[in-house]
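Reading through the structure tokens given below for one structure.
Residue numbers (the numbering used here): 2 to 379.
Shown next, in the form of structure tokens:
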């Protein structure tokens with residue numbers, strides 16, 4: 002077995018390793034089609050190396066060329082799907098046919114210089130759009146996505162290097178030692194790993210979001226609120242800025258569940274959370290605290306600002322319009338307990354005071370605001 006055949010076999014094994022590694026990725030259903038396209042691309046790459054092992058024969062060369070072409074253009078199809086773009090299958094099919102045919106013809110006629118220029122154009126047509134998609138258009142871009150985009154640019158750069166150098170040091174560059182046996186395996190391994198770790202990073206982000214977000218309303222849960230508030234309070238305390246908490250309870254929510262069922266109750270919770278969020282500042286933090294209770298953290302807000310915010314929420318919820326599935330005369334009201342942070346910026350203490358104020362609001366007739374009796378006066 003020649004050195005070139007050993008190298009070709011190693012490249013095929015590398016493709017198979019990446020293919021097997023990708024099977025351990027379990028993305029959400031929406032991302033499964035893109036993963037399958039990537040796996041198909043890698044499988045075609047392994048197939049192209051397999052047929053490249055044998056002495057050059059027109060049939061085997063054509064099969065290898067088609068497999069290599071499918072590898073490249075399926076990689077572009079994968080990138081389009083990964084970035085939530087439509088795939089022009091008819092155009093990709095035409096490009097596969099052109100690439101495989103031209104590559105086979107140039108190889109059989111030993112036109113290496115022209116072949117280098119042709120492959121540079123093909124690589125640019127594939128790698129540059131992929132880099133652009135992953136860097137500028139992918140929603141929720143991860144570090145791995147950025148790495149993948151950079152590797153695509155490096156891939157194109159290698160092809161440009163080969164094309165430029167082929168005219169200067171033809172024998173050296175055509176030997177393929179530096180480019181084919183050093184750079185290309187690294188590029189292939191890098192883009193495969195970045196694709197796989199990109200899926201894994203998104204899974205980690207999704208799990209983290211699920212850990213800190215309430216699945217019904219999409220707002221923070223207790224854990225998420227605590228993480229956000231803890232960091233904010235440290236900054237506010239250093240700069241001696243005020244802050245406040247609003248504890249909110251939906252009045253007579255049990256009646257909603259009893260009358261309209263849990264679906265109706267879920268609808269009320271979801272719509273109320275959405276409405277409250279629109280009435281807050283961008284810096285304010287809303288969390289579902291449990292059941293029908295919500296908590297609002299108001300950074301850089303003194304007692305007067307907290308009162309104005311609470312009044313705005315009270316009136317805004319009264320004016321909510323409900324879907325046709327709810328009775329026309331249905332009106333939701335809320336009770337709010339307000340507590341302003343003291344000089345110690347103690348979250349637990351301020352939360353207890355807000356809860357006590359909320360209890361008084363409910364005891365005093367609901368649909369009202371009560372302040373904590375020992376709230377700090379800013």
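Note that CB positions come from ideal geometry on N, CA and C, so glycine has one too.
Neighbourhood of residue i by C-beta distance below 7 Å, restricted to the same chain and skipping five residues each side
i	result
residue 96	74
residue 72	42, 45, 46 and 49
residue 78	38, 88 and 93
residue 356	248 and 338
residue 10	54
residue 22	197
CA nearest to the CA of residue i, picked from the options
i	options	result
residue 204	143, 112 and 147	143
residue 148	101, 199 and 225	199
residue 318	279, 346, 292 and 303	279
residue 146	27, 196, 67 and 188	196
residue 334	305, 352, 368 and 325	368
residue 308	62, 23 and 339	339
residue 154	362, 257 and 134	134
residue 119	272, 138, 99 and 129	99
residue 138	186, 86, 275 and 126	86
residue 121	297, 187 and 165	165
C-alpha gap between residue i and residue j, whole angstroms
i	j	result
residue 292	residue 249	11 Å
residue 210	residue 116	49 Å
residue 59	residue 106	9 Å
residue 311	residue 89	52 Å
residue 150	residue 80	10 Å
residue 83	residue 184	26 Å
residue 161	residue 40	27 Å
residue 287	residue 14	52 Å
residue 283	residue 354	25 Å
residue 111	residue 93	26 Å
residue 240	residue 304	18 Å
residue 315	residue 33	45 Å
residue 227	residue 190	41 Å
residue 235	residue 255	38 Å
residue 26	residue 193	12 Å
residue 364	residue 232	34 Å
Own chain partners of residue i with C-beta closer than 6 Å, once the 5 adjacent residues on each side are dropped
i	result
residue 242	301
residue 215	222 and 289
residue 69	49
residue 136	150
CB-CB length for residue i against residue j, believed under 8 Å
i	j	result
residue 52	residue 61	5 Å
residue 270	residue 217	6 Å
residue 362	residue 336	4 Å
Contacting residues, own chain, Cβ-Cβ under 8 Å from residue i (five flanking each side not counted)
i	result
residue 331	323
residue 29	207
residue 237	243, 244, 300, 301, 342 and 346
Can you give, in chain order, each stretch of the beta strand (DSSP E) that sits fully within the segment 232–298 and has at least 3 residues?
Restricted to the segment 232–298, the beta strand (DSSP E) segments that are unbroken, complete and at least 3 residues in length are 244–251 and 286–291, listed in chain order.
At 4 residues or longer, what runs of the alpha helix (DSSP H) sit wholly inside the segment 64–148?
Entirely contained in the segment 64–148, the alpha helix (DSSP H) runs reaching 4 residues are, in chain order, 90–109 and 113–133.
Mind listing, in chain order, the continuous alpha helix (DSSP H) runs of no fewer than 4 residues lying wholly within the segment 303–375?
Taken in chain order, the complete alpha helix (DSSP H) segments of 4 residues or longer contained in the segment 303–375 are 304–319 and 348–364.
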